[in-house]
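Here the working numbering is used: the first residue of the sequence shown is 994, the next is one more, and so on. Inspection log for the structure reproduced underneath, given as structure tokens.
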Amino acid sequence: MPTEAIEIIRDHVEVCMPQKLVAKIQQQFPNVSSSQIYTSWAQMSKILWRRDKDQLTSANILLNEYGDDVDHFKVTPLPDVQIIAFGMKKIANTLLEHVVEVAQDATYNTNSKHLELYSILGEHDGAGYPLGYCLLSTASSITIDKRRKSLEAWATHIREKYNITPCFGHVDKDLVEIKEIQNVWPEIKIQICWWHLQRAVHERLAKNKLSTTLYNAIEAY
């Protein structure tokens, strides 16, 4: 890659995402590929967020540095469980006592440590706002109760820190998350995501084989 192209990336690494740099660089250097630009940006941007070789240690250090923007919740991890939990301080503090509905969702295998990323959103005036996030790894501990207790500890911090007392909770069909929300907010009314509900029904109807075997009297005899 030409030195000039590298300098453009370095000068804009703090203010531009790589997709915005592709057109700018390729206009001057047509032979530079998009993958080269993405790779270079990814390497240079590490200085902005990487604080340690260990991913969890790095994340904890970074969260502590941004104490004016986030609340880094101190959650004691259960055995064989890794957890990082934090709240969006500036957003949540503006919604105190105004959140009537919350929604929780998750995505999985977010990095090489196979962490699960959970988020709780608060609804206000027809829009959703992130109240908090939780990075959780139960890969080495498949005990459902540990995942529920870990999520409850995180959600309890959000409830207590920002005085969140919603009337409705939107979740997918994950029973662990449903139980967690109910334990943290006992008076809440759970509503299942319509998209997840439809998918579950369609998947069940698409199965040709019955889940139970029909009784055959002749074979049994």
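Every residue, glycine too, gets a C-beta built ideally from N, C-alpha and C. Small disclaimer: the values here were computed from a predicted structure and weren't measured.
Reference residue i; option with closest CA among the options
i, options, result
"D1064", "H1150, A1120, V1095", "H1150"
"P1070", "K1154, V1177, I1183, R1140", "R1140"
"K1154", "S1038, E1000, G1080, L1014", "G1080"
"E1007", "A1035, Q1020, Q1029", "A1035"
"D1047", "I1030, S1026, M1037, Q1075", "Q1075"
"C1186", "H1195, H1163, N1176", "H1163"
"C1009", "Y1031, V1025, N1024, Q1020", "Y1031"
"K1083", "G1060, I1040, P1072", "G1060"
"P1072", "D1138, S1027, V1092, S1038", "D1138"
"V1092", "I1181, K1142, A1016", "I1181"
"I1002", "V1025, S1033, T1136", "S1033"
Beta-ladder partner(s) of residue i, from DSSP
i, result
"P1182", "With the sequence shown as reference, residue 1182 is identified as Lys, and Pro is not the correct amino acid for it. BP columns for K1182 point to F1161."
"E1127", "Inspection of the sequence shows that residue 1127 is occupied by Cys rather than by Glu. A1078, Y1111."
Cα-Cα separation, residue i to residue j
i, j, result
"P1159", "E1094", "5 Å"
"T1087", "W1178", "21 Å"
"A1148", "K1106", "23 Å"
"A1146", "V1068", "7 Å"
"F1161", "R1192", "22 Å"
"K1200", "H1117", "40 Å"
"N1057", "K1039", "17 Å"
"S1028", "Q1019", "12 Å"
Close beta carbons around residue i, own chain, < 8 Å, minus the five adjacent residues each side
i, result
"N1053", "H1065, I1077"
"W1042", "S1051, L1055"
"L1144", "Y1111, C1127, L1129, V1169, E1170, E1173"
"D1045", "S1051, I1054"
"R1152", "T1158, V1177, W1178"
Cβ shell of residue i (< 7 Å), same chain only, five flanking positions each side left out
i, result
"L1110", "A1099, T1100, T1103, Y1126, L1128"
"H1189", "D1165, K1166"
"L1114", "V1095, A1096, G1121, Y1122, P1123, L1124"
"H1005", "L1014"
Own chain partners of residue i with C-beta closer than 6 Å, once the 5 adjacent residues on each side are dropped
i, result
"F1022", "P995, A998"
"N1156", "L1089, E1090"
"L1108", "L1128, S1130"
Any non-hydrogen atom of the ligand MG closer than 7 Å to residue i Cβ
i, result
"M1081", "In the structure on display, the ligand MG does not appear, and there are no ligands present to speak of."
### Segments assigned beta strand (DSSP E), at least 3 residues, entirely inside the segment 1045-1121
As summarised for the segment 1045-1121, the continuous beta strand (DSSP E) elements at least 3 residues long and confined to that stretch are 1064-1066, 1075-1080, 1094-1100, 1109-1117, given in chain order.
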